[in-house]
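Encoded as structure tokens, the structure appears first; notes follow it.
Next comes the structure, spelled out in structure tokens:
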């Protein structure tokens with residue numbers, strides 16, 4: 071298939087039923103809604119209905135979306151907190167488990183019943199409590215280290231500062247291998263120094279002196295020895311405070327462990343929060359859609375697009391849900407609406423994985439041909455030619471097949487696996503044709519990359535010629551369909567005949583008995599070159615069109631560049647095989663004993679690098695050939711994606727009603 075046909079639908083109901091209508095549409099998941107607020111007709115209608123001021127109920131509705139977003143942020147924050155303390159799942163486990171499945175009704179029911187505020191508040195309380203306790207534990211550990219060092223101290227620092235007879239200073243001096251600072255302190259006159267503890271960084275001391283000056287002056291006199299006074303925050307002696315602090319630290323650590331234990335057993339809460347997050351996201355989408363609806367005092371209207379194949383199902387769904395209380399109007403897209411029609415691609419399962427290449431460039435417009443079915447065989451072939459290794463291809467196929475077997479749900483990831491499985495098959499086929507596997511020559515080959523370089527070059531250019539002709543044919547078809555016959559001929563059909571004529575001129579003399587083919591080709595090319603000029607003159611209705619026609623003919627130089635671009639199919643295919651063979655030669659140079667140890671590791675690493683670089687080159691250069699040489703002949707793009715109001719499947723896989 072191609073671009074899925076769309077129909078425009080308009081739904082009108084009472085304003086009170088709008089939330090329920092949007093819920094039904096979201097469950098159905100088949101309607102891409104428009105923003106009626108930006109349409110002049112709806113703006114005028116609303117202005118006539120309510121004047122220049124907004125109603126109170128609408129003002130309240132405007133504030134609902136930020137509230138929902140704020141709730142989502144709080145739930146996400148709580149979810150992140152819990153997940154930080156849960157055992158981490160491995161990559162394989164997370165992929166194989168997939169997402170939990172719920173029906174839309176089950177998701178909505180669980181979302182409404184879940185005590186969201188309680189879970190969020192509990193997470194916030196636990197988080198705050200945990201942080202406070204961890205901070206306290208750090209402080210207690212520092213205090214414990216301080217008290218342990220000073221546990222032999224038998225006088226309180228605060229008590230010694232106000233002594234009437236002596237000056238007392240308690241503190242530390244730096245330690246070194248020769249006790250330089252301690253000796254400097256002890257050498258000061260009229261001092262008695264008592265060592266309390268020592269470690270590689272510092273020495274704890276108590277210094278006594280006859281009281282001849284103030285405490286501040288006394289401390290200043292100790293500065294030459296780099297004395298640092300002790301900051302002691304306790305009212306008890308270290309040996310008395312030490313068991314109290316140790317007991318408090320034990321209590322705090324036990325509480326921290328209990329909180330963490332509660333968090334590690336919160337899998338059920340995490341699952342509920344995930345459901346709640348998707349519930350709120352769904353609610354936010356409906357609320358945003360309601361802001362884009364057309365409203366009058368009593369009625370509400372929504373407008374959008376749905377696939378033609380889904381229209382009958384939607385009508386039946388609305389009929390059963392509302393018993394005629396919703397009026398539905400269906401219309402085909404008008405010419406002036408073609409740029410507004412959202413695009414959904416529908417292709418054969420073998421072709422669908424290549425839609426990612428089209429999307430990477432741009433979606434087609436509604437009146438354009440979907441290029442995916444036409445680019446898929448070329449991209450598939452070109453990629454295989456550029457990588458061209460039987461071993462690499464089989465390895466990629468095996469890896470992606472395992473991925474498809476393991477991965478549950480996650481359709482995007484599964485589609486990517488299908489895409490690369492297909493490319494792996496092409497790589498294996500071309501590797502067999504070239505007789506190459508992991509850089510080794512196979513005993514069988516259809517084309518020898520060492521002796522048949524010219525053959526590979528001709529195949530590359532021939533495939534490029536075929537792709538360019540396909541692009542020109544599609545351009546002719548699209549322009550003729552729009553009844554733009556000048557463009558269909560001058561930029562499509564005429565160039566097909568010119569290029570065919572040039573090929574006939576080249577091949578005619580080479581084929582025995584087919585010299586006439588060259589003459590026919592010459593006539594074909596000349597007649598259509600003249601036709602391009604004449605059609606431009608006819609379109610312009612004056613000789614002024616002669617210039618544009620001649621300029622169009624100058625485009626033949628661009629086709630030469632296009633054909634040269636396709637030689638990369640040969641160049642990359644040959645270079646990848648040569649690099650692989652060079653890696654094998656490097657391993658072969660190793661001694662026999664090393665080949666089966668470090669040699670195996672080197673083989674895996676080097677060929678792993680070559681696989682990565684070869685596939686990256688194939689992906690990038692293949693896309694380049696599609697976007698420049700192929701799309702440049704016929705494709706504009708610029709369509710907007712079909713984004714229906716549908717359930718969010720971020721944390722929970724909800725089944726869309728229309729798929730049941």
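In the working numbering, the protein residues as written are 71 to 730. Ideal Cβ positions, reconstructed from N, Cα and C, are used throughout, including at glycine.
Reduced DSSP category for residue i - H, G, I as helix; E, B as strand; rest coil
{"i": "residue 77", "result": "strand"}
{"i": "residue 584", "result": "coil"}
{"i": "residue 476", "result": "helix"}
{"i": "residue 708", "result": "coil"}
{"i": "residue 376", "result": "strand"}
{"i": "residue 85", "result": "helix"}
{"i": "residue 723", "result": "strand"}
{"i": "residue 383", "result": "helix"}
{"i": "residue 714", "result": "coil"}
{"i": "residue 244", "result": "strand"}
{"i": "residue 235", "result": "coil"}
{"i": "residue 103", "result": "strand"}
{"i": "residue 278", "result": "strand"}
{"i": "residue 298", "result": "strand"}
{"i": "residue 660", "result": "coil"}
{"i": "residue 72", "result": "coil"}
{"i": "residue 289", "result": "helix"}
{"i": "residue 223", "result": "coil"}
{"i": "residue 642", "result": "helix"}
Exposure label - residue i; buried when at least 16 CB within 10 Å
{"i": "residue 356", "result": "buried"}
{"i": "residue 501", "result": "buried"}
{"i": "residue 643", "result": "buried"}
{"i": "residue 559", "result": "buried"}
{"i": "residue 375", "result": "buried"}
{"i": "residue 624", "result": "exposed"}
{"i": "residue 638", "result": "buried"}
{"i": "residue 530", "result": "buried"}
{"i": "residue 141", "result": "buried"}
{"i": "residue 668", "result": "exposed"}
{"i": "residue 354", "result": "buried"}
{"i": "residue 456", "result": "buried"}
{"i": "residue 563", "result": "buried"}
{"i": "residue 711", "result": "exposed"}
{"i": "residue 599", "result": "buried"}
Residue i versus residue j: straight-line alpha-carbon distance, rounded
{"i": "residue 287", "j": "residue 239", "result": "11 Å"}
{"i": "residue 505", "j": "residue 497", "result": "12 Å"}
{"i": "residue 397", "j": "residue 97", "result": "19 Å"}
{"i": "residue 227", "j": "residue 146", "result": "50 Å"}
{"i": "residue 366", "j": "residue 434", "result": "36 Å"}
{"i": "residue 447", "j": "residue 590", "result": "31 Å"}
{"i": "residue 319", "j": "residue 313", "result": "10 Å"}
{"i": "residue 34", "j": "residue 208", "result": "In the structure as shown, the chain begins at 71 and stops at 730. Residue 34 is therefore absent and cannot be evaluated."}
{"i": "residue 393", "j": "residue 377", "result": "23 Å"}
{"i": "residue 541", "j": "residue 701", "result": "7 Å"}
{"i": "residue 415", "j": "residue 425", "result": "8 Å"}
{"i": "residue 478", "j": "residue 166", "result": "5 Å"}
{"i": "residue 360", "j": "residue 105", "result": "9 Å"}
{"i": "residue 658", "j": "residue 513", "result": "19 Å"}
{"i": "residue 474", "j": "residue 74", "result": "27 Å"}
{"i": "residue 186", "j": "residue 138", "result": "12 Å"}
{"i": "residue 184", "j": "residue 177", "result": "11 Å"}
{"i": "residue 188", "j": "residue 487", "result": "42 Å"}
{"i": "residue 399", "j": "residue 80", "result": "5 Å"}
{"i": "residue 584", "j": "residue 539", "result": "23 Å"}
{"i": "residue 225", "j": "residue 191", "result": "48 Å"}
{"i": "residue 445", "j": "residue 87", "result": "46 Å"}
{"i": "residue 603", "j": "residue 686", "result": "43 Å"}
{"i": "residue 580", "j": "residue 528", "result": "14 Å"}
Expected contact under 8 Å - CB spacing of residue i and residue j to nearest Å
{"i": "residue 181", "j": "residue 349", "result": "3 Å"}
{"i": "residue 441", "j": "residue 705", "result": "5 Å"}
{"i": "residue 737", "j": "residue 294", "result": "The structure shown does not extend to residue 737, since the chain is modelled only from 71 to 730, so the question has no answer here."}
{"i": "residue 196", "j": "residue 329", "result": "6 Å"}
Below-8 Å beta-carbon distance, residue i vs any chain D residue
{"i": "residue 476", "result": "Absence of chain D from the displayed structure is noted, only one protein chain being present."}
Worksheet item: Which residue spans inside the segment 301-363 form an unbroken alpha helix (DSSP H) run of at least 4?
Response: 308-334, 337-361
Worksheet item: Taking the runs of the beta strand (DSSP E) that are 3 residues or longer, which of them lie wholly in the segment 560-610?
Response: none
Worksheet entry | Uninterrupted beta strand (DSSP E) stretches inside the segment 143-219 (no shorter than 3 residues) | 171-173
Worksheet item: Considering only residues of the segment 247-272, which uninterrupted beta strand (DSSP E) runs meet the minimum length of 3 residues and lie entirely inside it, listed in chain order?
Response: 261-268
Worksheet item: Which ranges does the alpha helix (DSSP H) cover as unbroken runs of at least 4 residues, wholly within the segment 474-553, from first to last along the chain?
Response: 481-504, 523-551
Worksheet entry | Segments of 3+ residues assigned as beta strand (DSSP E) that fall wholly inside the segment 380-459 | 397-402
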